[in-house]
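Chains as they are written, first to last, in my numbering: chain A, 111 to 395; chain B, 3 to 256. Where a beta carbon is used, it is the ideal one built from N, C-alpha and C, also for glycine. Worksheet for the structure shown next.
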Amino acid sequence: MTNSRKNRLKDKGFEYLGVACSLFGLVVLAIFIGDILADGLSRIDWDFLKSLPSRKPEKAGIFTAWTGSLWILVFTTIIAFPLAVSAGIYLEEYGGNGRWSSLLEVNISNLAGVPSIIYGLLGLEIFVRIFKMGNSVLAGAFALALLILPIIIVATREAIRTVPPSIRAASYALGATKWQTIWNQVLPASMGGIFTGVILAISRAVGETAPLIIVGALAYVPFAPSSPMDEFTVMPIQIFNWVSRPQHGFTVNAAAAIIILLLITFVMNGIAVYLRNKWQKKINW
Amino acid sequence: MKMDNHILESKSVNVYYDDMHALKNISMKLEANSVTALIGPSGCGKSTFLRVFNRMNDYIEAFRMDGEVLMEGKNIYHKKMQVDELRKSIGMVFQKPNPFPKSIFENVAYGLKIQGIKDKEFIQNRVEKSLQQAALWDEVKSDLNKSALALSGGQQQRLCIARALAVEPRVLLMDEPTSALDPISTAKVEELINELKQNYTIVIVTHNMQQASRLSDYTAFFYMGDLIEFGKTEEIFRNPKVERTQNYITGRFG
Chain A
111 MTNSRKNRLK DKGFEYLGVA CSLFGLVVLA IFIGDILADG LSRIDWDFLK
161 SLPSRKPEKA GIFTAWTGSL WILVFTTIIA FPLAVSAGIY LEEYGGNGRW
211 SSLLEVNISN LAGVPSIIYG LLGLEIFVRI FKMGNSVLAG AFALALLILP
261 IIIVATREAI RTVPPSIRAA SYALGATKWQ TIWNQVLPAS MGGIFTGVIL
311 AISRAVGETA PLIIVGALAY VPFAPSSPMD EFTVMPIQIF NWVSRPQHGF
361 TVNAAAAIII LLLITFVMNG IAVYLRNKWQ KKINW
Chain B
3 MKMDNHILES KSVNVYYDDM HALKNISMKL EANSVTALIG PSGCGKSTFL
53 RVFNRMNDYI EAFRMDGEVL MEGKNIYHKK MQVDELRKSI GMVFQKPNPF
103 PKSIFENVAY GLKIQGIKDK EFIQNRVEKS LQQAALWDEV KSDLNKSALA
153 LSGGQQQRLC IARALAVEPR VLLMDEPTSA LDPISTAKVE ELINELKQNY
203 TIVIVTHNMQ QASRLSDYTA FFYMGDLIEF GKTEEIFRNP KVERTQNYIT
253 GRFG
């Protein structure tokens, strides 16, 4: 066999290997989704979405779970968005390269790697006990906000970094202050990237279970929360609870709830992709 | 032309980027309502010198400067100098057109809005006037709300000039404003500069010798951070005193 033929074979071989690797994850996901759909799709109807939890699987629904998730999401976003975006702006625009900002930077990267259950413990101690929020939506939202803070900070910084220096220069040269430049030019131009990061972070938060269990989300909540101080449950906890029940009916319920949870995540990712594309089209440096 | 009407003056200005001595002891007086061209080979310090006047070098971390730069007798590097105020009277046009990713109107109005001006009619009038001064009004008057990024390169550069004019500066710094433009757009911008010098003091960095001789009243030749020769453009081009200037403008090196 000639050398060049061998090289071509290797080339092809690597290509096929690459395809196989890329397909691996997809195939597993497809099998999983297919399985879940087969189990749970027939269980989904309006009643399932509107019903409160029940001991009888055919009567039980996910109303408290998805409303709880929604409450958590809204408050997590309200808390995390301004904090993370401001921190990102500070680090990128004001932080400079000093020791202080590199210390902050390292710590934020570390935060991103902290296991989520630790955030739960932190939330339990600080928000539930010290700030006396109790096992409330608010305490859960604060714990999750901490969890997604680093993700949004990193996304914000990256988005800000894509704004070309020439735009800042133009703004400064017209007599704009630093803050005016950030507010009027840098932020609008990087909003697409920031929103994308926020939505990806939130779709991570919507699937989190561990920190919320520790903060005190309950497996059984008879009513949907009506204020941020109410007790709550969320979709993943409801699913976990159902999966651990012996009756077959609850397994079906769990599958149905998983479909809904996946749907929420897919929709949110879809929005993120849409925002990113829309922004890229609009701003064409 | 009177020689005592100086608006800008640099006094023994030295600029360093870390260890690199980028400008060496530059003293120069710039005549009001005239065009001064800064010429010289790449890396000679002419753009750095231009940016000394509106303190745009301040954003470069390695930048250090000593000496004084006076605008109408006031040291613009004084501690009490408000940089944003300074830049309202010294506008700048960059090498590559850099319109904001906003509408044409918003681009021109930006300088006014950041000053806190809210009077819509005032802004409207100033936007129209600036676009007319920049010879762009007739081309864009029907679509002021269109994105500035949809304009051609030449139009974008004239928009950037209009944007700088809208805050009514006294001085306009131009850093190779036509180097990214085609010949027709270049001609338009040059024509514009010729008209603007009635009311503005213009300092222009250019690599184009013809442009310098066509446009400017004064020419300064920089080489390796030194100001080699500075004087009336006619004299510099017809009868340079230093051989190196002669060699550069006749294209023997560059």
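Residue closest to residue i, alpha-carbon to alpha-carbon, out of the options
i                 : options                                       : result
leucine 372(A)    : Ala130(A), Phe142(A) and Gly233(A)            : Phe142(A)
isoleucine 277(A) : Asn294(A), Glu125(A) and Leu139(A)            : Asn294(A)
alanine 366(A)    : Lys120(A), Leu139(A), Glu168(A) and Lys288(A) : Glu168(A)
methionine 211(B) : Arg128(B), Gln248(B) and Ile230(B)            : Gln248(B)
alanine 255(A)    : Ala283(A), Val316(A) and Glu202(A)            : Val316(A)
threonine 180(B)  : Thr221(B), Pro171(B) and Val191(B)            : Val191(B)
aspartate 149(A)  : Met378(A), His358(A) and Val273(A)            : His358(A)
serine 187(B)     : Phe255(B), Asn109(B), Pro99(B) and Asp68(B)   : Pro99(B)
alanine 280(A)    : Gln200(B), Ala214(B) and Ile116(B)            : Ile116(B)
glycine 47(B)     : Lys31(B), Val15(B) and Asn35(B)               : Val15(B)
glutamate 341(A)  : Lys166(A), Arg271(A), Val195(A) and Ala251(A) : Ala251(A)
asparagine 351(A) : Gly135(A), Arg118(A) and Ser164(A)            : Ser164(A)
isoleucine 172(A) : Ile182(A), Leu322(A), Lys160(A) and Lys166(A) : Lys160(A)
Simplified DSSP state of residue i, which is helix, strand or coil
i                 : result
alanine 279(A)    : helix
lysine 4(B)       : Because lysine 4(B) carries a pLDDT of 46, less than 50, the predicted location of this residue cannot be relied on, and the following value inherits that uncertainty. Of the three classes helix, strand and coil, the one that applies to lysine 4(B) here is coil, per DSSP.
methionine 345(A) : helix
tyrosine 229(A)   : helix
serine 29(B)      : strand
asparagine 351(A) : helix
serine 336(A)     : coil
leucine 133(A)    : helix
valine 17(B)      : strand
alanine 327(A)    : coil
glutamate 97(A)   : Lying before the first or after the last residue shown, residue 97(A) is absent from chain A, which here runs from 111 to 395.
aspartate 68(B)   : strand
Within chain C, partners of residue i - CB distance below 7 Å
i               : result
tyrosine 200(A) : Absent from the structure is chain C; the protein chains it does hold are A and B.
CB contact below 8 Å: residue i versus chain A
i                    : result
glycine 113(B)       : yes
phenylalanine 102(B) : yes
methionine 94(B)     : yes
methionine 67(B)     : no
isoleucine 78(B)     : no
arginine 165(B)      : yes
methionine 58(B)     : yes
isoleucine 195(B)    : no
lysine 98(B)         : yes
arginine 128(B)      : no
arginine 89(B)       : yes
aspartate 86(B)      : yes
valine 169(B)        : yes
Length of the line joining the Cα atoms of residue i and residue j
i                : j                 : result
threonine 174(A) : leucine 133(A)    : 37 Å
valine 142(B)    : leucine 72(B)     : 38 Å
isoleucine 9(B)  : glutamine 159(B)  : 26 Å
valine 37(B)     : isoleucine 206(B) : 7 Å
asparagine 56(B) : threonine 177(A)  : 56 Å
alanine 150(B)   : glycine 156(B)    : 12 Å
leucine 133(B)   : alanine 166(B)    : 10 Å
Within-8 Å CB hit, residue i to chain B
i                 : result
threonine 306(A)  : no
threonine 272(A)  : no
glutamine 348(A)  : no
asparagine 294(A) : yes
tyrosine 282(A)   : yes
serine 161(A)     : no
glycine 303(A)    : no
glycine 205(A)    : no
serine 211(A)     : no
leucine 385(A)    : no
glutamine 357(A)  : no
threonine 319(A)  : no
alanine 279(A)    : yes
alanine 269(A)    : no
serine 300(A)     : no
threonine 287(A)  : yes
serine 276(A)     : yes
Buried versus exposed, by CB contacts within 10 Å (16 or more), residue i
i                 : result
glutamate 197(B)  : exposed
isoleucine 324(A) : buried
alanine 168(B)    : buried
asparagine 127(B) : exposed
tyrosine 126(A)   : exposed
leucine 213(A)    : exposed
glutamate 108(B)  : buried
tyrosine 204(A)   : exposed
glutamate 123(B)  : exposed
tyrosine 330(A)   : exposed
glutamate 318(A)  : buried
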